[in-house]
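The sequence shown runs 4 to 323 under the numbering used here.
Where is the CB? At the ideal position from N, CA and C, for every residue including glycine.
Small disclaimer: the values here were computed from a predicted structure and weren't measured.
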Amino acid sequence: MNTDPTTRLGGFGRPLLSLLAAGVSVLAVVALARTAVGTASGQRLDQLVSSGAKGDDGRLSHYAEIAVGTVSLPVITALLVLAVLLVLLRRRPGLLLPIGTLVLGANLTTQVIKRVLLTREVLGPGIEITPNSFPSGHTTLAATAMIALVLAGGRARAVLAPLGAAWTTAAGIGTLVVGWHRPSDVIGAITVVAAWTFLTLALDGLDTRRRRARAAARPDRGRRRRGTRRSAPLAPPRPHPVEKVMAFLLGLVGAAGLAWGGFGLFSLPRPLDLHDPAQQLPAFLVTAALIGGVTASWLALTLLLRVPTSHRTRSANRVP
4 MNTDPTTRLG GFGRPLLSLL AAGVSVLAVV ALARTAVGTA SGQRLDQLVS
54 SGAKGDDGRL SHYAEIAVGT VSLPVITALL VLAVLLVLLR RRPGLLLPIG
104 TLVLGANLTT QVIKRVLLTR EVLGPGIEIT PNSFPSGHTT LAATAMIALV
154 LAGGRARAVL APLGAAWTTA AGIGTLVVGW HRPSDVIGAI TVVAAWTFLT
204 LALDGLDTRR RRARAAARPD RGRRRRGTRR SAPLAPPRPH PVEKVMAFLL
254 GLVGAAGLAW GGFGLFSLPR PLDLHDPAQQ LPAFLVTAAL IGGVTASWLA
304 LTLLLRVPTS HRTRSANRVP
């Protein structure tokens, strides 16, 4: 008996969970914008973390600054071209439309939020005057290029997912170190891309269910051999074991980062002293953990909610 919750409800499990994850991501973006951009306390916390990031000279900041330097048009273009090549080499041209929609949709959403929907006003003393920067365009570019490569990667996604999570996290933190963005901008960008990712997975799951139902209703269509009545039913596709293990590990990293980051920010002494280095550095480090936790959790859910590819029959059993 199948006890996998993502395959229950007649094949609706994964699409429903993906839609739920997309909805949660959208709500998270709205809540983050209202809190970090629209309240004085949220702006003060953002300012404290930003000051800690710009004042830190440790290894984390050094590597993060290197990572954000790689978020350039040539690098992003190369990653997207590689994703297209992987799709074509796997003979899955149908993936080009959903992946392309995800990349364009997420980046367009970021620009609309940044330039049309939000206006950043200074709501308290000690807050640096910055132009609209929520969400981060650099982080959105990095995250969309990375998720495109993961979704196009086939069996390689078990390796691409953790590497992409590390690069996206480092690039996002790097935007804080060089002073381009605030922490809420980075988390908001990752959450925007996550929302588009889960929406894409939901639509793909519903389309896959429709095609499988149609194929099951006509199991003998296309068979040419005489004397055969019905082909043996294929086992339902399942994620590769390595992919499941990687999803579990990313989930652990994500949960640890979210727990550490959330508890660390909650434990900061109040009221916040924006000019106290003893508060700035801890606030930056726990926020870095939070950014990593959000990214790892998003990738873990992507690996779990992605509809597995059906395994074809062996060549000896296939009909010519």
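Selected residue, minimal CA-CA separation from residue i, among the options
i, options, result
"Leu48", "Leu304, Arg309, Gln282", "Gln282"
"Ile79", "Leu100, Tyr66, Arg94, Leu107", "Leu107"
"Leu307", "Leu277, Phe269, Ala205", "Ala205"
"Glu124", "Ala39, Arg309, Arg94", "Ala39"
"Ser28", "Gly208, Val289, Val196", "Val196"
"Ser136", "Met149, Leu120, Leu23, Ile150", "Leu120"
"Leu304", "Leu288, Pro280, Pro272, Leu255", "Leu255"
"Ser270", "Ala258, Pro280, Pro285, Ala259", "Pro285"
"Ala250", "Leu98, Leu268, Leu302", "Leu302"
"Lys57", "Pro96, Leu293, Pro280, Arg160", "Pro280"
"Leu105", "Val248, Gly72, Ile150, Arg94", "Ile150"
"Pro134", "Ile102, Trp183, Leu88", "Trp183"
"Ala31", "Thr194, Ala258, Ile116", "Thr194"
"Trp170", "Thr112, Val181, Ala148", "Ala148"
"Val181", "Val289, Pro311, Ala24, Val52", "Val52"
"Val162", "Ile102, Leu92, Leu253", "Leu253"
"Lys117", "Pro77, Ile130, Ala192, Ala24", "Ala192"
"Leu179", "Gly140, Arg217, Leu275", "Gly140"
"Leu291", "Val310, Arg309, Ala259", "First, the residue type needs correcting, since residue 291 is Ala and not Leu in the sequence shown. Ranking the options by Cα distance to Ala291, first place goes to Ala259."
"Asn92", "Thr122, Thr73, Gly45, Ala159", "First, the amino acid is wrong: residue 92 is Leu here, not Asn. If we check each option's Cα against that of Leu92, Ala159 comes out closest."
"Gly337", "Leu275, Gly72, Pro311, Val310", "An answer regarding residue 337 cannot be provided, because it is not within the stretch 4 to 323 covered by the chain."
"Ile130", "Ala24, Pro77, Gly45, Val289", "Gly45"
"Gly26", "Pro311, Ala198, Val248", "Ala198"
Neighbour-count burial assignment, residue i, 16 or more Cβ in a 10 Å radius
i, result
"Thr42", "exposed"
"Arg37", "exposed"
"His278", "exposed"
"Pro138", "buried"
"Thr200", "buried"
"Ala238", "Confidence in Ala238 is poor, its pLDDT being 45 and thus under 50, which makes the residue's placement too unreliable to answer from."
"Val245", "exposed"
"Pro236", "Reliability fails at Pro236, whose pLDDT of 45 lies under 50, so the model's placement of it is uncertain and no value is given."
"Arg273", "exposed"
"Gly208", "buried"
"Ile132", "exposed"
"Leu100", "exposed"
"Ser75", "exposed"
"Arg94", "exposed"
"Leu166", "exposed"
"Gly257", "buried"
"Leu22", "buried"
"Gln50", "buried"
"Leu202", "buried"
"Gln114", "exposed"
"Ala34", "exposed"
"Arg232", "Caution is warranted here: a pLDDT of 48 is assigned to Arg232, below 50, making its placement in the model unreliable, and no coordinate value can be reported."
"Arg309", "buried"
Secondary structure of residue i, DSSP reduced to three states
i, result
"Asn135", "coil"
"Phe15", "coil"
"Ala284", "The amino acid occupying residue 284 in the given sequence is Leu; Ala does not appear at that position. Of the three classes helix, strand and coil, the one that applies to Leu284 here is helix, per DSSP."
"Ile2", "The displayed coordinates of the chain run from 4 to 323. Any statement about residue 2 would go beyond what the structure contains."
"Gly208", "helix"
"Val297", "helix"
"Asp7", "Any reading at Asp7 must be qualified, since the residue scores a pLDDT of 48, below 50, and its modelled position is unreliable; the value itself is stated next. Coil, per DSSP."
"Glu124", "coil"
"Arg185", "coil"
"Pro311", "coil"
"Gly156", "coil"
Minimum Cβ-Cβ distance from residue i to chain D less than 8 Å
i, result
"Met249", "In the structure shown, chain D cannot be found, because there is only a single protein chain."
Exercise. Does the segment 138-157 touch the segment 57-68, meaning 3 or more C-beta pairs lie closer than 8 Å?
Worked result: no
Problem set entry | the segment 289-305 touching the segment 259-267, judged by at least three CB pairs closer than 8 Å | yes
For this session: Mind the definition here: the segment 187-206 touches the segment 75-88 only if three or more C-beta pairs lie below 8 Å; say whether that holds.
Result: no
Problem set entry | Sufficient close CB pairs (3 or more, under 8 Å) joining the segment 149-164 to the segment 118-135 | no
Exercise. Would you say the segment 206-217 touches the segment 16-25, given that touching needs at least three Cβ pairs under 8 Å?
Worked result: yes
Exercise. Where in the segment 20-102 do unbroken runs of the alpha helix (DSSP H), each at least 4 residues long, occur, reported from the N-terminal end onward?
Worked result: 43-58, 62-72, 76-92
Exercise. Taking only runs of the alpha helix (DSSP H) that begin and end inside the segment 236-278, which ones reach a length of at least 4 residues, in chain order?
Worked result: 244-269
Problem set entry | Cβ pair count under 8 Å reaching 3, the segment 66-73 against the segment 159-174 | yes
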